[in-house]
Amino acid sequence: MSFKGFISLDCGLPPNESPYDEPSTGLTFSSDHDYIQSGKGGRIGKEWEYNYKQCNMLRFFPDGIRNCYNLTVKEGTNYLVRTGFAYGNYDGLNIYPRFNIYVGPNLWTMVYAARQREFEIIHMARSNSLDICLVKTGTTTPIISILELRPLRNDSYSTRTGSLQLVQRQFKKSRDLRYPPDAYDRQWKSYLEYGEIEINTTLTVDVSNPFGLPDLIAMSAAIPENASNGLTFTWSPEKPSDKHLVYLHFAEIQDLQANDTREFDILSEEVITYPAYSPKKLQVDTLVNTSPKKCRDYPCVWKLVRTPRSTLPPLFNAVEVYKVVEFPYSETYSSDVAAMKNIQAAYGLSIISWQGDPCVPELLKWKGVECSYTDKSIPPRIIALDLPSRGISGIIAPDLQNFTELQRFIGEYGASTLNWGSRLNIAADIAQGLEYLHSGCRPPLVHRDVKTTNIIIDEHFHAKLVDFGLSRSFQTEGETHISTILAGTPGYLDPEYNRTNWLTEKSDVYSFGIVLLEIITNQPVIDQKRENPHIAEWMGFMLTKGGIENIVDPSLVGDYDSRSMWKVLELAMSCVNPSSIGRPNMSHIVHQLKECLVYENSKKGASTEVESKSSFEQSMDFAAET
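Under UniProt numbering, the sequence shown is numbered contiguously, ending at residue 626.
Structural data, given as structure tokens:
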């Protein structure tokens with residue numbers, strides 16, 4: 001049986017084996033084959049086999065650093081994610097593996113798979129896709145046996161920040177409990193402290209609060225054997241810095257007489273957190289500390305202490321303790337991720353590093369994908385793609401993803417669809433992508449084919465460089481040029497490179513200048529109908545006549561400030577200087593374009609903040625010829 005929204009995966013189960021119902025819960029487990037593109041199936045040793053079938057198979061990951069399951073979820077919904085790890089000496093090495101688990105781009109916890117281990121977290125989905133990733137951290141191979149996903153009510157387990165990793169979930173009954181008594185398949189451990197006794201009722205208890213406590217838990221509770229004593233519960237934090245949320249579930253299930261009073265203080269490490277509390281009659285009431293707290297002592301101790309006016313001892317039904325795990329990194333911009341997945345599907349790509357988030361964490365980003373990073377809380381953007389080295393030739397077809405070639409947006413020399421502000425933003429995006437290639441890569445990389453058809457624009461008018469098929473890297477960082485066979489696109493080709501076969505970073509600067517002239521004028525690069533066919537020569541001739549009215553794209557009339565337009569025009573002309581010595585570098589170009597953007601935005605009353613796209617310490621594998 002499959003409960004709506006439940007995903008129950010027996011990891012490593014061969015895809016040709018039919019799903020099966022787990023006897024103790026009735027839940028249907030199936031192979032994980034459709035949820036992950038890597039890893040191999042294994043089986044634990046005979047002497048390690050468990051009564052639960054889903055613990056006897058596993059998936060192990062000998063290849064790659066990060067391997068990810070991808071689950072379809074609903075954005076903004078709370079989910080319980082549970083992972084199980086049973087090593088069982090499947091490989092005959094008798095070495096327990098150590099590795100990390102990530103939720104999306106963020107570290108969840110470290111796993112040491114000694115014996116059977118389970119980890120559970122409550123996490124609100126930030127998009128309609130959720131990645132659960134296993135990341136290799138040493139010499140041992142990551143494994144996983146079970147992966148379970150359970151949707152929860154959004155008004156139950158909520159935090160101001162972070163997600164909730166389970167520390168303990170206990171109730172006062174003689175046996176453990178999960179689905180079907182618990183509709184959300186929370187696993188409850190039965191536990192009675194020394195000096196506690198279990199009490200029960202056959203009356204109906206109202207469990208309609210957001211936590212949906214199972215009836216069996218609501219109808220049972222613990223009280224101290226000695227009525228004058230209190231109740232205590234403890235837990236052991238992993239680290240002294242850990243902060244916790246504690247959920248206490250109460251229901252008065254005894255029939256109190258008219259002169260009976262049950263009232264008690266709830267103390268956290270000897271400090272009264274909830275004074276003079278009385279459970280509600282036959283109704284579940286849940287208390288939670290809204291601000292996560294660290295424990296001063298080890299272990300953490302909470303007490304329920306009877307007040308002087310109480311005639312009855314304390315009572316409680318169940319407790320849940322969660323460690324708050326901060327997830328600081330935002331996932332990559334959703335449209336960019338969707339586009340990359342479309343590319344994967346369209347070309348049938350199976351690249352081991354292309355799993356999980358394309359950009360975050362930065363050390364695990366996809367090979368051949370370059371991203372812009374500003375603040376952890378701001379989604380990174382993809383600014384460059386190296387598709388040829390991933391086995392893709394040619395330009396990405398626009399109908400395969402959310403991107404469109406820049407040439408199409410500026411009108412293919414017809415009616416333009418972009419205003420001046422959008423064009424400036426696009427120019428800045430392209431410039432920052434090239435700046436990264438020249439200054440952020442080690443060794444530096446020259447694109448060698450910058451042109452409008454190798455620049456793609458998403459629906460939010462963010463630009464990205466593609467098609468690195470002609471790119472070249474310098475063999476050493478100190479080199480300023482390389483001698484290479486001439487390659488590039490006529491009209492965009494650096495005349496100095498054309499003459500000498502010496503390729504430098506300034507060759508990309510020249511090509512960028514041509515693109516900038518196209519953005520300004522919406523004119524073709526080569527037009528034999530003009531007296532000066534090449535756009536740079538035509539521009540030089542037009543500038544001798546004075547004004548810019550006959551130069552700028554007519555569709556921009558009234559949409560730009562002449563000072564910012566002149567500044568960009570002068571920048572473009574400096575880029576197409578016939579001599580590379582007279583051309584600026586990309587860092588200078590980025591700075592100038594940002595200044596123009598700030599001025600343009602402030603003039604229109606928009607935000608003056610300009611997105612900063614830093615270069616990266618991590619070198620990228622473009623597989624370019626040297």
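All residues carry an ideal CB built from backbone N, CA and C; glycine is no exception.
Sixteen is the threshold: when 16 or more other Cβ atoms of the shown chains lie within 10 Å of the Cβ of P379, as they do, the residue is buried. Within the same chain, and ignoring the five residues on either side of P97 in sequence, the residues whose Cβ sits closer than 7 angstroms to its Cβ are Y87, A113, T140, T141, P142 and I143. Along the length of the stretch 222–299, whole beta strand (DSSP E) runs at least 3 residues long occupy 231–235, 243–250, 264–268, 271–277 and 285–288, reported in chain order. In this structure M539 is in contact with I551, their Cβ atoms being roughly 7 angstroms apart against a cut-off of 8 angstroms. N78 and Y179 do not touch by the CB rule: their CB atoms are close to 17 angstroms apart, not below 8 angstroms. The beta carbon of N154 sits closer than 6 angstroms to the beta carbons of N78 from its chain, once the five residues preceding and following it are set aside; these are given in chain order.
The residue among L93, V205 and T83 with its C-alpha nearest the C-alpha of L149 is T83.
When beta bridges are read from the DSSP output, E320 appears opposite R169 and Y247.
Contact between the stretch 308–318 and the stretch 347–366 is not established, with fewer than three Cβ pairs separated by less than 8 angstroms. Residue Q54 holds the alpha-carbon nearest to the alpha-carbon of Q116 among F171, V305 and Q54. In terms of CA proximity to S291, G162 leads the group G162, N226, K280 and I217. For I36, same chain residues with a beta-carbon under 6 angstroms away, outside a window of 5 residues either side, are Y69 in chain order. Looking at the DSSP output, G84 shares a beta bridge with E118 and I146. By the beta-carbon neighbour count (other beta carbons within 10 angstroms, threshold 16), F541 is exposed.
The stretch 230–240 and the stretch 204–216 do not touch, with fewer than three beta-carbon pairs separated by less than 8 angstroms. Distances from the alpha-carbon of Y277 to those of F119, F264 and E537 put F264 closest. Contact annotation: I121 and F171 have beta-carbon atoms that are not nearer than 9 angstroms. Between D255 and S145, the CB-CB gap reaches or exceeds 9 angstroms.
Annotated as proximal: Y329 and N106, with beta-carbon spacing under 9 angstroms.
With contacts defined by Cβ atoms closer than 9 angstroms, S579 and V337 do not form a contacting pair. For L503, the number of other beta carbons within 10 angstroms of its own is at least 16, and it is reported as buried. Between P361 and M340, the C-beta spacing is not below 9 angstroms.
Judged by DSSP in its simplified three-state form, I378 adopts coil rather than helix or strand.
Beta-carbon to beta-carbon, K451 and I383 are separated by about 17 angstroms, too far to satisfy the 8 angstroms threshold. Rounded to whole angstroms, the gap between the alpha carbons of Y497 and A428 is 25 angstroms. In terms of CA proximity to V466, I430 leads the group H438, P444, I430 and S473. No Cβ-Cβ contact shorter than 9 angstroms links L304 with I272.
If you draw a 10 Å sphere on the C-beta of A183, you find fewer than 16 other C-beta atoms in it, and that means exposed. Contact between K243 and K293 holds, since their C-beta atoms are separated by about 6 angstroms, short of 8 angstroms. In the three-state reduction of the DSSP assignment, E49 falls in the coil class. Excluding its 5 nearest sequence neighbours in each direction, A318 has C-beta neighbours in its own chain below 6 angstroms: F171, I217 and H249, listed in chain order. The Cβ atoms of N100 and W48 do not sit closer than 9 angstroms to each other.
For A227, the number of other beta carbons within 10 angstroms of its own is below 16, and it is reported as exposed. In the DSSP assignment, N200 falls within the beta strand (DSSP E) that extends over E196 to N200. With respect to the C-alpha of K40, the residue from P15, G230, E326 and P524 having the closest C-alpha is P15.
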